[in-house]
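Convert by adding 121 to the 1-based position in the sequence shown; the result is the number in the numbering used here.
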Amino acid sequence: MRKIKIFDTTLRDGEQSPGCSMHINEKIELALQLERLGVDIIEAGFPASSEGDFDSVAKIAEKIKNSAIAGLSRALISDIDKAYGAVKKSQSPRIHIFLATSELHMQYKLKMTRQEVLRRIEESVKYAKAKVFDVEFSAEDASRSDRAFLAEAFSTAIRSGATVVNIPDTVGFCTPTEMYDLVRFLKENVGGAEKVDFSAHNHNDLGLAVANTLAMVEAGITQAECTVNGIGERAGNASLEEIVMGINTRPYLYNAETRINTREIYRTCKLVSNIIGVNISPTKPIVGANAFAHESGIHQHGVLAKRETYEILSPEAVGIPQNKIVLGKHSGKHAFSEHLADMGYADIDGDALQKLFDEFKRLCDVKKSVSNKDIEALLSNKAVVQNVKYSLENFIISSRKDGQGYAAVSIKCGGEIKTAIETGDGPLDSAFLAVEKIVGRSFVLSDYGVQSVTEGQDALGESYVRLAAPGGESVIGRGVSTDVIESGIKAYIDAVNKIIN
Ligand code: KIV
Ligand code: ZN
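Structural data, given as structure tokens:
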């Protein structure tokens, strides 16, 4: 079987799309999860784009041991220096250089001739190669480039030391047959092709990103670039979980396999969804709530008789927690910790375990039965801010049919408990105003949502808010409780803690 390397760019191509920005601690948490998932290369960011990106790439490079860390760079010496500065502490650092090769981009965006582009590729790849062994060259808009010129560009990159050449369908324009043909052509016409990995990087503007990537796997690429949940610019990138399970379900068709631990897929997808505050669509392949639900009687009958009649993969294979009742209020911390390990969370211990166990016990008091899904929700409510300044102590809420709300909110801040009373447009607006009064600052709320974790009247509600300081970047706050008002206030305070951190 050929090994297909999985190159995850959720933290770069995913994070740079509107509404998907992440707090540095969330980026680190996600990188650790990607490592657990078994991703071969994590593209941790674009270090020259901002100081924040540089810092997060550098932190991730230090922390991650089992995945290579890539930093994106334009074909500029100053960018390469920054990328190197950020990835150099990684055990397997990679510099990823990109430059456009289509006539459209060269003429109108770069204002460079073909010869100038080739010279720049040579100079930049050589410069990066003097710093790290592993250098990737991406020909931006490769799929709309003149094929002969693209082959020349890749031959130049390989001659200059590139270890990977990447073929982006930057604008999501091409079809699987076209991408298949392009790979075949390049493998035959690029000098030194046998020495390097050929890579796919597809955008989803026409809904073909995964199909294009799988066609390129058939054609012989050995690296697939993708993002968790397919997040990314415009309609997004090819989705990691769909590519991996596509290969995993039909290994003999592709004569290929990946190193991914598929049982970590659901946890990874849920983490990304929580971080960016965007729910996974119910019909999302692999991890959507309906991906394994069978409504039609004929299907239900078939699945009960033999699962394979209508299911080509199992929820267990991708780590979807079953909605089973797990433990009760009499369970001890040891049993709880063992159960967490069974769920794949063996890494939670010490203070984090104690905090989670306390939350679990509180939940047992108010909820008839606690399931794996509930525990997942408590886990996703982990604070990413190290020294949480504010936490919810208590609240009293009332509201009237005409919309008028009233809230008294008490917040713990250091050793002190502060209370504020506010009236507003409904109960949550009043509570949020009370929080702002205590904090002494006002914020801009651009989005709020709540969903239930399981069925039933005592189900946990998961709330999220998108909040920003005036003129600042927005952050996502999350809160979980069986009381939706409480989960909303917790989400608001979570976001405030992130903004002031
Ligand atoms: O879509 C694209 O062309 C890119 C490159 C930077 C690889 O993201
Ligand atoms: Zn891209």
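Think of the CB as a built atom: it goes at the ideal place given N, C-alpha and C, for glycine as much as any other residue.
Would you mind sorting residue i into buried or exposed? The rule is 16 or more other CB atoms within 10 Å of its CB.
| i | result |
| --- | --- |
| D495 | buried |
| S417 | exposed |
| Q344 | buried |
| H144 | buried |
| R371 | exposed |
| M122 | exposed |
| P403 | exposed |
| D174 | buried |
| S435 | exposed |
| T334 | buried |
| D262 | buried |
| I342 | buried |
| D624 | The chain is shown only over 122 to 622; residue 624 falls outside these bounds and no answer can be derived. |
| Y229 | exposed |
| T379 | buried |
| Y585 | buried |
| F254 | exposed |
| L158 | buried |
| Y373 | exposed |
| L329 | buried |
Tell me residue i's beta-bridge partners as DSSP assigns them.
| i | result |
| --- | --- |
| Y585 | G570, R599 |
| G398 | BP columns for G398 are empty, so no partner. |
| Y387 | Looking at the DSSP assignment, Y387 forms no beta bridge with any residue, so it has no partner. |
| F516 | V530 |
| H217 | L193, E257 |
| F319 | V286 |
| T540 | S531 |
| H324 | N358 |
| C347 | D129 |
| D546 | Q525 |
| K124 | E378 |
Quick check: the Cα distance between residue i and residue j, rounded to an integer number of angstroms?
| i | j | result |
| --- | --- | --- |
| D479 | V509 | 17 Å |
| G646 | D290 | Examination of residue 646 is not possible in this model, given that the chain is present from 122 through 622 alone. |
| E346 | Q421 | 36 Å |
| K124 | A336 | 15 Å |
| N376 | I162 | 21 Å |
| K126 | A580 | 40 Å |
| S211 | S266 | 34 Å |
| A274 | L392 | 38 Å |
| A182 | I149 | 10 Å |
| T130 | D523 | 48 Å |
| G628 | Y527 | What is shown of the chain runs 122 to 622, which leaves residue 628 out entirely. |
| E339 | Y301 | 7 Å |
| E432 | N369 | 14 Å |
| R240 | P297 | 31 Å |
| G535 | N618 | 13 Å |
| G353 | S138 | 5 Å |
| Q443 | E172 | 42 Å |
| E537 | I559 | 11 Å |
| S205 | S501 | Reading off the sequence shown, one finds Tyr at residue 205, where the question assumed Ser. The alpha-carbon atoms of Y205 and S501 are separated by roughly 33 Å. |
| V304 | N187 | 29 Å |
| I396 | S142 | 9 Å |
| V571 | E429 | 35 Å |
| F270 | V160 | 32 Å |
| N146 | D176 | 11 Å |
Can you list, in chain order, the residues of its chain with a C-beta nearer than 8 Å to that of residue i? Leave out the 5 residues immediately preceding and following it.
| i | result |
| --- | --- |
| I610 | L513, F516, V530, L549, A552, F553, V556, G600 |
| D470 | S458 |
| I78 | The structure shown has nothing for residue 78, since the chain only spans 122 to 622. |
| I620 | F564, L588, A589, A590, G593, V596 |
| Q154 | E385, R388, T389, L392 |
| T603 | L484, V487, K488, D579, A580, L581, G582 |
| R280 | E243, G312, G313 |
| V439 | E362, M366, T383, R384, I386, Y387, I407, V408 |
| I614 | Y511, S512, L513, I532, V556, G598, G600 |
Ordered along the chain, which non-local residues of its own chain (more than five positions away) have a Cβ less than 6 Å from that of residue i?
| i | result |
| --- | --- |
| L193 | R133, F167, H217 |
| A189 | I162, S213, R215 |
| K482 | none |
| K533 | S512, E514 |
| I518 | A528, P548, I606 |
Checking contacts by CB at 8 Å: is residue i closer than that to chain B?
| i | result |
| --- | --- |
| E147 | This model lacks chain B altogether, as it is built from one protein chain only. |
Going along the chain, which residues of its own chain have a beta-carbon closer than 7 Å to the beta-carbon of residue i, five neighbours each way excluded?
| i | result |
| --- | --- |
| S276 | V311, G312, G313 |
| R521 | none |
| A272 | L307, N310, V311 |
| P406 | E363, A412 |
| L361 | I127, D129, C347, T348, V349 |
| K454 | F478 |
Can you determine whether any heavy atom of ligand 3 sits closer than 7 Å to the C-beta of residue i, and answer yes or no?
| i | result |
| --- | --- |
| D129 | With respect to ligand 3, the structure shown offers nothing to examine, as its ligands consist of ligand 1 and ligand 2. |
**Request:** Check whether the stretch 290 to 302 touches the stretch 320 to 336, counting contact only when three or more Cβ pairs, one atom from each stretch, lie closer than 8 Å.
**Result:** yes
**Request:** Could you tell me whether the stretch 563 to 579 touches the stretch 531 to 544, where touching means 3 or more Cβ pairs closer than 8 Å?
**Result:** no
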